[in-house]
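Protein sequence lines, in the order shown, are assigned to chains F and G.
Residue numbers are given in my numbering: position 115 of the first sequence equals residue 116, and the series is strictly consecutive.
Residue numbers are given in my numbering: position 40 of the second sequence equals residue 44, and the series is strictly consecutive.
The structure appears below as structure tokens.
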Amino acid sequence: MAGMAVQARELVKSFGEGEAKTFAVRGVSFEAHFGEMLYIEGPSGSGKTTLLSMISGILRPDSGTVVVEDKDIWSLTSDQLADFRLNTVGFVFQDYHLFPRLTTVENVAIPLILKKLEWNESMTQAMRYLEIVGLRDRAQLPPVKLSGGEQQRVAIARAIASQPDILIFDEPTASLDGDTGRKIVDFVKKNILNENRCILIVTHDSRIFEYADRIMRMEDGEIKGVEKGGQ
Amino acid sequence: MKGILKIAYKLLVNDKGKFAALLIGITFATFLMNMVTSMFAGILLKSSSTVINIGAKIWVMDPAVNTVQNSIPMPDYILDAVRSINGVRFAVPLYSGAALVRLRNGVYQSVSILGLDDASLFGRPELMQGHIEDIYSDNAFIVVKDAEFPKLGNPKIGTGFEVNDHTGVIVGIARVTTGGLFGVPTLYTTYSRAVQYLPSTRYTISYILVEPKSTGDVQHIKEQVKSMGYVALTKDEFMQKIANFYKYQTGVGTNILLMTAISFIVGLSISGQTFYTFILENLEKFGALKAIGARGYELVYMILFQTAFTSFIGYGLGIGLSTLLITIAKLRLPSYAAIITYRNLGMAFIMVLVIAGISSYIGVRKVIRIEPFDIFRG
């Protein structure tokens, strides 16, 4: 197994107070490695999205640590956390969250613009990432003119544009038909995953389990088991 | 920062419907505010037209006078007393009153009559036709060729009329800087003829026009006049007094204030509501930007840029539109009162900034509060 990408230790997260207090994640520990595609699977309300948010520096845990590149990300300041998300993590949201009023290439260029690259340079680089996902010819179209699968690929291009070490997919197949969903994950596995990158996917779509290296099953905020994928 | 502002610009202008609605809101508000305040500025300017046209540096009058038209006559000895004040280069009487003239065709027409000091003719208008010395000839009057001139039947030199059973003859046609407010023609004659022709009270001097030897003498002159029970106002002070009368004692000012406030509220409602909808529609995207790594201040800059951009464009369009309308109106109606002043432009700009500020606040508050985690939760 390659080097460690993420190390989570005893992560706890609750919502609400007093009698309304609910534990979404209860003392979860796990590790994810570079070159690995790790699935977090479980029913709705099992805590997988909360866990993913804590790993990606979006949601502060009540207790526990998340170590990425030898640093506990929750010891960082809010600005450092924003930099961490920009430089180390790439997000592919369930609903993609592409800006409908921008062109496809402008959407892909957003992380580069946030990294303070010049506009023209951002667009040039964004075109390269669109080429990787096979949508160069769609660069000047608004995302609404693209199919669901194409929008998903634009979101992937945007996520990899900042060359992150960790890629996070939230229910990547939820808005796609089975065939397109499988094609997307297959594409990600073959073209996006590499030995310097770790991909974490939250899903409950068993049709794409065959692409996972490991599948971590969550229930009631706890890890109930870890299986090898590809079966 | 330039790149993120370019993104903000594209998000704004590519949403054509909302951008248009925002522009319409700001433009409409600016247009209304500028029209209303310009009309008021024009009315105030015209209400001081005699003060501007006569051009005296100091006006002596009864303290109860509020406007040029409502003068309270002063006794002749006040003129002598003013002339004897140290620092007065000269002081002359002015008659200001209204009369009915009977035109050749039998039509009666109200006019405003100004009687100039016989010796100096101080405050005389610039003549377009005729010679100023003709004002000393029998029954002589000079008519002002302004927007009200046609009401006298477009008189020519030699045209006769009757005023208070006296014959009057036009001996000159003049122009003045500013037309009057009340829509009546203006006639100039000598002070002595004015008091001779027009029914008057025991006292006949409407105003005493004073030229000080130097600006340093103005304060002393004012104090001396005050000790006589009268008031001496500089040209600007008199204009301000007239303006204050119309603003605060006639209800015109209150109505203008209300109209301006309504314009502001309408603009704020349209722009604020549209911008709020715009932000709500893009809220998840802003949340996604936050998740991706945008810092809070970058999102705030985006929103401030969007509101500032819309406001400046809308302000420019509103001012342009009102200027165009006023220009067209003035071409069609020479007596149209509206005048655009720097103060009005500044006030409308401040109001637009307030609209932009409130709209920004609504947007910023929403965007600052959105948590990236909400994006994951859906």
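Where is the CB? At the ideal position from N, CA and C, for every residue including glycine.
Note that the structure is a prediction, hence the values are computed from the model and not measured.
With 16 or more other CB atoms across the displayed protein chains lying within 10 angstroms of its CB, L156 of chain G is buried.
As for any alpha helix (DSSP H) of minimum length 4 sitting wholly inside the region 20-54 of chain F, there is none. By the Cβ neighbour-count rule, Q152 of chain F is buried, with 16 or more other Cβ atoms within 10 Å of its own.
Listed as beta-bridge partners of G226 of chain F by DSSP are F:R218.
Burial state of G350 of chain G is exposed, judged by a 10 Å Cβ sphere holding fewer than 16 other Cβ atoms. Remark: fewer than three beta-carbon pairs, one from each stretch, lie closer than 8 Å, so the region 77-92 of chain G and the region 171-186 of chain G are not flagged as touching. Under the DSSP assignment, D80 of chain G falls in the alpha helix (DSSP H) whose first and last residues are 80-87.
Residues of chain G with a Cβ closer than 8 Å to the Cβ of I111 of chain F are, in chain order, I11, L293, I296. In the structure shown, A6 of chain F falls within a strand segment according to DSSP collapsed to helix, strand and coil. For P112 of chain F, there is no enclosing beta strand (DSSP E); the residue is found in the alpha helix (DSSP H) stretching over 105-115. When DSSP states are grouped into helix, strand and coil, E122 of chain F belongs to the helix group. Here F186 of chain G is exposed. Its C-beta has fewer than 16 other C-beta atoms within 10 Å.
Within the same chain, G91 come within 6 Å of H224 of chain G by CB-CB distance, once the 5 residues on both sides are set aside.
If you draw a straight line from the Cα of V7 of chain F to the Cα of D187 of chain F, it is about 23 Å long. Not one beta carbon of chain F lies nearer than 8 Å to the beta carbon of P154 of chain G.
At a beta-carbon threshold of 7 Å, the residues of chain G lying near I114 of chain F are G7, I8, I11, ordered along the chain. With fewer than three CB-CB distances shorter than 8 Å, the region 309-316 of chain G does not count as touching the region 54-61 of chain G. Contact annotation, E11 of chain F with G48 of chain F: C-beta distance approximately 14 Å; criterion of less than 8 Å not satisfied. In the three-state reduction of the DSSP assignment, S231 of chain G falls in the helix class, which pools H, G and I.
Remark: three or more beta-carbon pairs, one from each stretch, lie closer than 8 Å, so the region 168-179 of chain F and the region 89-102 of chain F are flagged as touching. Here Q126 of chain F is buried, its C-beta having at least 16 other C-beta atoms within 10 Å. Cβ-Cβ distances below 7 Å link Y211 of chain G to W63, V64, M65, S75, L98, S100 in the same chain, with the five nearest sequence neighbours on each side left out; the list follows chain order. From the beta-carbon of R299 of chain G, the residues of chain F found nearer than 7 Å are D80, A83.
Put simply, of G:T171, G:T41, G:L26 the residue whose alpha carbon is nearest the alpha carbon of Y346 of chain G is G:T41.
I269 of chain G sits away from G367 of chain G, with the two beta carbons spaced by 8 Å or more. Using a Cβ-Cβ cut-off of 8 Å, L26 of chain G does not count as an interface residue toward chain F, since no Cβ of chain F sits closer than that to its own.
Between the C-alpha atoms of T34 of chain G and L325 of chain G there is a straight-line separation of about 9 Å.
Interface criterion not met: the Cβ of I359 of chain G is under 8 Å from no Cβ in chain F.
Taking a beta-carbon distance threshold of 8 Å, F24 of chain F does not count as an interface residue toward chain G.
In chain order, S123, Q126, A162 place their CB closer than 6 Å to the CB of L113 of chain F, counting only its own chain and leaving out the 5 sequence neighbours on each side. Where Q133 of chain G is concerned, the enclosing beta strand (DSSP E) starts and stops at 130-134. With a 10 Å radius around the Cβ and a threshold of 16 neighbouring Cβ atoms, H135 of chain G comes out exposed. At least 8 Å separates the beta-carbon of K146 of chain F from that of M38 of chain F. Chain G has no Cβ within less than 8 Å of the Cβ of L142 of chain F. Membership of T41 of chain G in the alpha helix (DSSP H) is indicated by the continuous run 20-51. C-alpha of L357 of chain G to C-alpha of I30 of chain G: approximately 10 Å in a straight line.
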